[in-house]
Structures are given as structure tokens and as C-alpha cells.
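Numbering (our numbering), first residue to last: 163 to 467.
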């Protein structure tokens, strides 16, 4: 499979000169099947950001993605991967916080008469329907249209934890602790390689754990077990955990330790704090430079698994 990082920022977009190299768009990962052919005549772009595991071909030369994880503002970048075509595929939301849904009405490739989109999100307490709960934040007076106003053939549904098929991939959903609504992490496999995606995670909700960064609990360990790539929340520095972990996020060090405990081959630190500048993220990368299995995620990266 081929992984495209459309957005790796957390909480809110971070525009400006201090956020260019790692990007300011919020959470979105697009996945292309390994056998998807490139678009004919697709233009070659520059190389992806350095440091990605098994860096793929130029960002714009990839075949069309069919599975999207989260719909933050980074979803806008996915339109460019389709080279004028509409999107046909599935969007899986980890949860419903703004930074994971605000790209939906701006997804040009999905807001077309010929688009066909299935959007799935975690089952909600009280059994609210997917379209109903999305409309609470996307409808007048908060936004000009409701989800039903998106053009094309859109369907909305909910998921329980478990294993299911989506766009030719095997996907496992497990609930992980995160403040303010039910949250899933996902494991995606094509039978040859596997990706774990846990962009929002508050392991301290289950106790301090052996390192003081939170518990290495069964759901997180199972999602990350033996994967080729783990994309994980790294919102905090260790010294920020005591004051800020209650907002729902872990330290980057937790993500690295989780990957090691679970036997993940590589971990990408993502969901960066909105005020974490390029220079600060360079410092984070330098702190883990001795470990070749750790990368700081940057918007626009393409990774082949």
C-alpha cells in the first residue's frame, strides 16, 4: 500500500512561515492499494520530506487513493492526488473533533456529482446516526450546508469495534482513550503490509503506566503489533504531560515506547501541537535521531509499505 500524509497537525490548522516544512493541515491520511496504477500523464512533483520509511515516488505520481483515514483540513490535499477525477472510496473517522472533520465540505474531489463516498465513524453513545451527529457541527448556522448538501452519492454509517473490509483492505477498529467522545484507532492491512493509525490517544486516562507517560494497554498494543508503520499522536513533550495530558494526548516518548513494545517496524510522530514550529519539530527529530525507526511526520510525505 502507498500512504499519503495530507495533514499531520492537531487541534487546529497552523498557517504561517514557521510551519512550512512540517505543514499546518490537520489530520488526514490517504491510502492507495499497492496495485493501483498511476494516473496516465500524472506530473512528477518534488521528492517527499526526508526521513520517511521506504519513501515512495513523487507525491503527485501515485495512483488514486481509495481509503482515507480522518477528514481534517488535510483532506483538501487528497483532491490533487486524483488529477481531476472524482473520489470513489471510503472515509473512516477516528472521532468527531473539529480537526478530524473540518475538511469534509472542502474536499473538492468528493463534492462532485460523480463522486461516490462511504463515510464511517465510531458508534455514538445513545445510538445517534452518523449523519445526524455530523450535522451538529456541519449545518446552519455553523456552516452553510449539512452533510446531505454534499454533491455526489454519499452514505453515512457507524462502526463498532472489530474487523471489517473496506476498499480491499482488512481494517481493525479498536477503541482508545481520548477526551471528549468515542475514539477509535485503526489497523489497515492489504495482506502484505500493515499500518496502525492512532492520531489521538490519552493513555494517562488509564493510569501513569511504567514510564509515567500512560498505560501500554491492550487495544493500543494490538493495533500496533508487528505493523510496518505506526502513525501515532505525539502532541506533548515529556515535561508537558503533567500539566496537559488531561486534554487528551500523550508524549512523543510514549509513541516510541509503544512501537517498541508492540514490535512495530517504524513509528511516525504526528498530530503535532499547533504551536510546535518547524524548528521545534526539528529538535524533536534530533532527539530521536539515534533511532532510525523513528520519524517526525511531515505533510506531503508519501510512504510505500
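In this text, a Cβ means the ideal position worked out from N, Cα and C, and glycines have one as well.
Next on the checklist: Distance check for residue 173 and residue 447, CA to CA, integer angstroms please.
Outcome noted: 21 Å
Item to check | Delimiting residues of the beta strand (DSSP E) encompassing residue 315 | outcome: 315-321
Checklist entry - Apart from the five residues on each side of it in sequence, which residues of its chain come closer than 7 Å, Cβ to Cβ, to residue 232? => result 189, 190, 191, 255, 256, 262 and 361
Item to check | Bounding residues of the alpha helix (DSSP H) (the contiguous stretch that carries residue 241) | outcome: 237-243
Checklist entry - How close, in whole Å, do the beta carbons of residue 249 and residue 272 come, if the pair is a contact with beta carbons under 8 Å? => result 5 Å
Checklist entry - Can at least three beta-carbon pairs, one atom from the stretch 391-401 and one from the stretch 419-439, be found at a separation below 8 Å? => result yes
Next on the checklist: Let me make sure I understand the geometry here. Which of 389, 375 and 424 has the alpha-carbon closest to that of residue 118?
Outcome noted: No statement about residue 118 is possible, as the shown extent of the chain runs from 163 to 467 and does not include it.
Checklist entry - Using DSSP with H/G/I as helix, E/B as strand and the rest coil, what is residue 461? => result coil
Checklist entry - Using the C-alpha atoms, what's the distance from residue 371 back to residue 425? => result 18 Å
Item to check | Span separating the alpha-carbon of residue 400 from that of residue 442 | outcome: 14 Å
Item to check | residue 156 to residue 423 span [Cα, whole Å] | outcome: No answer is possible for residue 156: it lies beyond the span of the chain, which begins at 163 and ends at 467.
Checklist entry - Does DSSP classify residue 390 as helix, strand or coil? => result coil
Item to check | Cβ distance (whole Å) where residue 292 is taken to contact residue 283 below 8 Å | outcome: 5 Å
Checklist entry - Under a three-way DSSP split, which group does residue 432 fall into? => result strand
Checklist entry - Of the choices 186, 229, 280 and 180, whose alpha-carbon is the least far from that of residue 171? => result 186
Item to check | Reduced DSSP secondary structure (H/G/I, E/B, other) of residue 423 | outcome: helix
Next on the checklist: Please classify residue 260 as buried or exposed, where buried requires at least 16 neighbouring CB atoms within 10 angstroms.
Outcome noted: exposed
Next on the checklist: Quick check on residue 298: buried or exposed, where buried means 16 or more other Cβ atoms within 10 Å of its Cβ?
Outcome noted: exposed
Checklist entry - In whole angstroms, what is the alpha-carbon distance linking residue 237 and residue 266? => result 7 Å
Item to check | Counterpart residues of residue 190 in DSSP-defined beta bridges | outcome: 169
Checklist entry - Under a three-way DSSP split, which group does residue 284 fall into? => result strand
Checklist entry - In the structure shown, what three-state DSSP assignment does residue 311 receive? => result helix
Next on the checklist: Assuming contact is defined by CB atoms lying nearer than 8 Å, are residue 307 and residue 279 in contact in what I supplied?
Outcome noted: no
Next on the checklist: As a quick exercise: from 465, 176, 277 and 354, pick the residue whose alpha carbon is nearest that of residue 315.
Outcome noted: 277
Next on the checklist: Could you tell me the alpha carbon to alpha carbon distance between residue 385 and residue 415, rounded to whole angstroms?
Outcome noted: 18 Å
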